[in-house]
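Worksheet: the structure to be examined is printed underneath.
Residue numbers (full-length UniProt numbering): 1 to 171.
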């Protein structure tokens, strides 16, 4: 199969997943401020306030496979979901990633958004997806389980704050 291409706008009953826009960088930076303190320091706002909104804006263009998750009823951007390996030479290297604002947690949005991306990947001919999740992140582990991912038993990264577990979803 050729590299996955064509990831554009996806729609669900309650959500629109569409390419992220630079002018939404403040929302994505806010996600960084809400991250659990057990998340490794390089993925949180540091003592100098970095990454800044401008630095987050620059990252948006470098991650074309991550889509804005926007509520249909309010048009509010509540996070992102998509494929971090998007455009890579190997379709086996597609990683599902999602993160939502805390105010959006517990409403099934992550499962709904993730389901749309998983369905798209399956239809595009991707043979499998993978994802990593911290062992303490029970909510995200449950979302991945609902999406058909299985924990492999492999630990991708370890820190004083826990283990990052590998999961996979075969088609």
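Beta carbons are placed, not taken as given, at the ideal position from N, Cα and C, and that holds for glycine.
Quick caveat: nothing in here was measured; it's all calculated off a predicted structure.
CB of residue i within 9 angstroms of CB of residue j, strictly
i, j, result
"residue 96", "residue 79", "no"
"residue 165", "residue 118", "no"
"residue 188", "residue 67", "What the structure shows of the chain is the stretch from 1 to 171, and residue 188 is not part of that stretch, so it cannot be assessed."
"residue 157", "residue 144", "no"
"residue 152", "residue 133", "no"
"residue 161", "residue 39", "yes"
"residue 71", "residue 14", "yes"
"residue 18", "residue 63", "no"
"residue 115", "residue 12", "yes"
"residue 43", "residue 37", "no"
Option nearest residue i by Cα separation, candidates the options
i, options, result
"residue 171", "104, 32, 57, 127", "127"
"residue 56", "30, 67, 120, 48", "30"
"residue 24", "46, 16, 44, 60", "60"
"residue 94", "103, 121, 47", "121"
"residue 140", "65, 99, 129", "99"
"residue 111", "136, 149, 135, 75", "149"
"residue 74", "137, 16, 135, 47", "16"
"residue 22", "46, 52, 103", "52"
"residue 138", "154, 105, 159", "105"
Cutoff 9 angstroms: residue i Cβ touching any chain B Cβ
i, result
"residue 104", "Among the chains in the structure shown there is no chain B, since it carries only a single protein chain."
Nearest-angstrom Cβ-Cβ length linking residue i and residue j, presumed shorter than 8 angstroms
i, j, result
"residue 239", "residue 124", "This structure leaves residue 239 out entirely; the chain is present only between 1 and 171."
"residue 109", "residue 77", "Actually they do not touch by this definition, with Cβ atoms about 12 angstroms apart."
"residue 7", "residue 65", "6 angstroms"
Residues sharing a beta bridge with residue i, DSSP
i, result
"residue 130", "95, 168"
"residue 68", "18, 80"
"residue 100", "79"
"residue 11", "16"
**Item:** the stretch 49–64 contacting the stretch 20–39, beta-carbon criterion three pairs below 8 angstroms
**Value:** Judged by Cβ distances under 8 angstroms, the stretch 49–64 makes contact with the stretch 20–39, as three or more pairs qualify.
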